[in-house]
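Position 158 (the first sequence) corresponds to 157 in numbering that gives the first Met the number 0; numbering is contiguous.
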Amino acid sequence: MSQQLQNKEKCPRCGKHNLVTDGVSGEIFCGKCGFVIDEKISDNGSERIFSDSAVSKSRTGDRTSLTRHDNGLSSIINPINKDASGKPLSSSMKSSLSQLRKLDSRSTTHNSTDKNLKQALGELLKMKEKLSLSDSVSEKAAYIYRKVLERKLVRGRSITAMIASSLYAACRETETPRTLKEVSSTINVTKKELSGCYRLIVKELDLRMPIINSVSCIAKIGSTTKLSEKTKRYAMNILKQAEKERILSGKEPMGLAASALYLASLVTEEHITQKTLAEASGVTEVTIRNRCKNLKKFID
DNA sequence: TAAGATAAGAGGGACAT
DNA sequence: ATGTCAGTCTTATCTTA
Numbered sequence: 000m001s002q003q004l005q006n007k008e009k010c011p012r013c014g015k016h017n018l019v020t021d022g023v024s025g026e027i028f029c030g031k032c033g034f035v036i037d038e039k040i041s042d043n044g045s046e047r048i049f050s051d052s053a054v055s056k057s058r059t060g061d062r063t064s065l066t067r068h069d070n071g072l073s074s075i076i077n078p079i080n081k082d083a084s085g086k087p088l089s090s091s092m093k094s095s096l097s098q099l100r101k102l103d104s105r106s107t108t109h110n111s112t113d114k115n116l117k118q119a120l121g122e123l124l125k126m127k128e129k130l131s132l133s134d135s136v137s138e139k140a141a142y143i144y145r146k147v148l149e150r151k152l153v154r155g156r157s158i159t160a161m162i163a164s165s166l167y168a169a170c171r172e173t174e175t176p177r178t179l180k181e182v183s184s185t186i187n188v189t190k191k192e193l194s195g196c197y198r199l200i201v202k203e204l205d206l207r208m209p210i211i212n213s214v215s216c217i218a219k220i221g222s223t224t225k226l227s228e229k230t231k232r233y234a235m236n237i238l239k240q241a242e243k244e245r246i247l248s249g250k251e252p253m254g255l256a257a258s259a260l261y262l263a264s265l266v267t268e269e270h271i272t273q274k275t276l277a278e279a280s281g282v283t284e285v286t287i288r289n290r291c292k293n294l295k296k297f298i299d
């Protein structure tokens with residue numbers, strides 16, 4: 000894996016045509032004097048930002064990401080015992096290099112916090128896929144989890160539950176409609192554990208969560224049940240009116256949205272059962288009925 | 001068969017002790 | 001820290017149209 004690619008350009012320090020790219024770390028350096036020209040080349044093409052400036056070429060590495068345990072910025076000490084020109088190292092050099100590697104790995108991945116982070120972020124990516132969430136949500140989740148680690152809140156709790164709660168918190172913060180139930184069942188963490196950790200995170204990090212918008216819930220349920228635009232719009236009107244009367248607080252947004260859709264479907268004569276809506280929204284039929292009682296007076 | 005009613009039980013927030 | 005209380009939601013079962 001450590002093949003070293005010849006590079007045609009000149010070294011800016013010694014002027015020799017001896018530049019090499021390290022296959023492992025991606026660094027470009029001079030094979031004669033060891034001067035490092037550029038680090039972390041992701042591809043050799045130029046990254047054109049302005050269409051009219053053909054002259055300016057920029058080379059960048061991967062963008063940094065909070066979902067990488069080292070933010071994607073670590074450097075690697077090449078594990079192959081060859082020098083820059085490909086010759087084997089002397090034995091004294093070999094032993095001091097191996098000491099350096101040991102120190103390096105201790106300082107980077109082997110302390111417990113970092114190990115924890117690495118594992119958690121691995122799980123985060125899997126969860127993100129399962130719940131089909133966007134990058135921005137998982138970035139936010141990673142940010143929250145780093146804070147959680149800083150505050151040492153994971154002590155005595157499962158990493159999976161904590162990272163799942165961070166993800167749920169990120170959903171709430173970005174107003175991405177995912178219920179506690181959905182998250183807990185797809186990830187195999189009990190609802191109790193998940194909500195406990197979630198509350199802890201919100202409290203300790205002093206997060207201000209936006210009240211989850213029942214209108215976005217309407218959009219979600221409406222699309223899974225394939226209801227007409229007309230019905231959805233009607234349901235939104237019902238909720239808007241109910242909001243003015245302040246009877247919405249403390250009620251589950253999903254339940255409210257489902258009930259509003261049910262009432263709206265009665266008006267538009269688009270027949271949908273409570274059962275279907277209950278399944279799509281993740282609340283029970285009984286809850287829908289109870290919410291209906293409150294919302295009924297808002298049908299004109 | 002869908003919808004409504006009722007009861008028992010769980011879990012969490014507010015508040016007092 | 002622990003207990004109580006009102007309010008919410010769920011599950012289960014029965015009735016009604």
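Glycine included, each C-beta is placed from N, C-alpha and C at the ideal position.
Test item: CB-CB of residue i and residue j under 7 Å
{"i": "Ile237", "j": "Ala259", "result": "yes"}
{"i": "Thr230", "j": "Glu278", "result": "no"}
{"i": "Thr185", "j": "Ser137", "result": "no"}
{"i": "Leu166", "j": "Met208", "result": "no"}
{"i": "Ala300", "j": "Gly14", "result": "With the chain represented from 0 up to 299, any question about residue 300 goes unanswered, as that position is not in the structure."}
{"i": "Arg150", "j": "Glu203", "result": "yes"}
{"i": "Ala256", "j": "Ser222", "result": "no"}
{"i": "Lys139", "j": "Pro176", "result": "no"}
{"i": "Leu206", "j": "Ser194", "result": "no"}
Beta-carbon contacts of residue i that lie in its chain and below 7 Å, excluding the five residues immediately before and after
{"i": "Gln118", "result": "Ile158"}
{"i": "Cys196", "result": "Arg156, Ala160, Met161 and Ser164"}
{"i": "Thr283", "result": "Ala277"}
{"i": "Asn289", "result": "none"}
{"i": "Lys250", "result": "Arg290"}
Same chain, Cβ closer than 8 Å to residue i, neighbours up to 5 away in sequence not counted
{"i": "Leu300", "result": "In the structure as shown, the chain begins at 0 and stops at 299. Residue 300 is therefore absent and cannot be evaluated."}
{"i": "Thr224", "result": "Leu260, Ile271, Thr275, Leu276 and Ala279"}
{"i": "Val285", "result": "none"}
{"i": "Thr267", "result": "Ser227, Lys229, Thr230 and Tyr233"}
{"i": "Thr313", "result": "A query on residue 313 cannot be resolved here, the shown segment of the chain reaching from 0 to 299 and no further."}
Contacts around residue i, its chain only, beta-carbon distance under 6 Å, and the 5 residues preceding and following it disregarded
{"i": "Gln240", "result": "Phe297"}
{"i": "Ser340", "result": "Past the edges of the chain, shown from 0 to 299, lies residue 340, and the structure says nothing about it."}
{"i": "Tyr142", "result": "Leu65"}
Residue i (DSSP reduced to helix, strand or coil)
{"i": "Leu276", "result": "helix"}
{"i": "Leu226", "result": "coil"}
{"i": "Leu148", "result": "helix"}
{"i": "Leu204", "result": "coil"}
{"i": "Leu18", "result": "strand"}
{"i": "Lys81", "result": "strand"}
{"i": "Pro176", "result": "coil"}
{"i": "Pro252", "result": "helix"}
{"i": "Phe297", "result": "helix"}
Nearest-angstrom beta carbon gap, residue j and residue i [assumed within contact, 8 Å]
{"i": "Ile200", "j": "Ala168", "result": "5 Å"}
{"i": "Lys171", "j": "Ile211", "result": "Going by the sequence as given, residue 171 is Arg instead of Lys. Indeed, because the Cβ distance is near 7 Å, the residues count as touching under 8 Å."}
{"i": "Ser215", "j": "Glu181", "result": "That belief does not hold up - the Cβ atoms of Ser215 and Glu181 are roughly 14 Å apart, past 8 Å."}
Can we say the region 215–232 touches the region 260–267, given the rule of at least three CB pairs closer than 8 Å?
yes
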